[in-house]
Each structure stands twice: as C-alpha cells, then as structure tokens.
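Residue numbers (the numbering used here): 1 to 81. Glycine included, every Cβ here is placed at the ideal spot set by N, Cα and C.
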C-alpha cells in the first residue's frame, strides 16, 4: 500500500477549504483517509496553514510520499517561523 500526504477539499462552491491528509495513493481525492494531519484555508489572511508536524514526520518515516502542493505549503510555513 502506497501512502501519500495530500489535500482533501471540503469547502463549498467558490469557498475552498482543505484538510491535509494521509491517504492510500490509489484512492480518490475525497475518499477514505487514514489520518487528518492539518488544515489549509486559502481564503484566510493570517493563519492559512495549521498542521501536526509530529504526525507528518511519523508518516514520512513510514514511507509516505508528500504531494508537491503540500510540500510547498510546508516550506512556506517553515519560512514564516
């Protein structure tokens, strides 16, 4: 089973909101998730990204891949700190 950390859209029409999730790479974008790892709100001005760093590290140690979009969000968040 190949695990990937990616975004799952849960927002409504023209009001996007995403959760950062660990999911089997063969599942649909909004399919069953293994674990919720954080949130991303592109419409928010201040706190756009919140995530659980320990959980993300644990999944990557288990061999999970990180999608390019999530990787860029983590990089931006790290630069702000």
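Please report the straight-line C-alpha distance between residue i and residue j, rounded to a whole angstrom.
i	j	result
residue 62	residue 56	10 angstroms
residue 48	residue 39	8 angstroms
residue 32	residue 23	7 angstroms
residue 46	residue 28	30 angstroms
residue 8	residue 17	8 angstroms
residue 53	residue 75	12 angstroms
For residue i, list the residues DSSP reports as bridge partners.
i	result
residue 70	DSSP, once it has assigned bridges, lists no residue as partnering residue 70.
residue 22	5 and 35
residue 15	12
residue 51	38
Within 10 angstroms of the Cβ of residue i, are there 16 or more other Cβ atoms? Answer buried if so, exposed if not.
i	result
residue 51	buried
Candidates the options: which alpha carbon is nearest residue i's?
i	options	result
residue 14	59, 42 and 77	42
residue 4	44, 21 and 46	21
residue 19	74, 69, 36 and 67	36
residue 6	58, 73, 54 and 78	73
residue 11	2, 80 and 30	30
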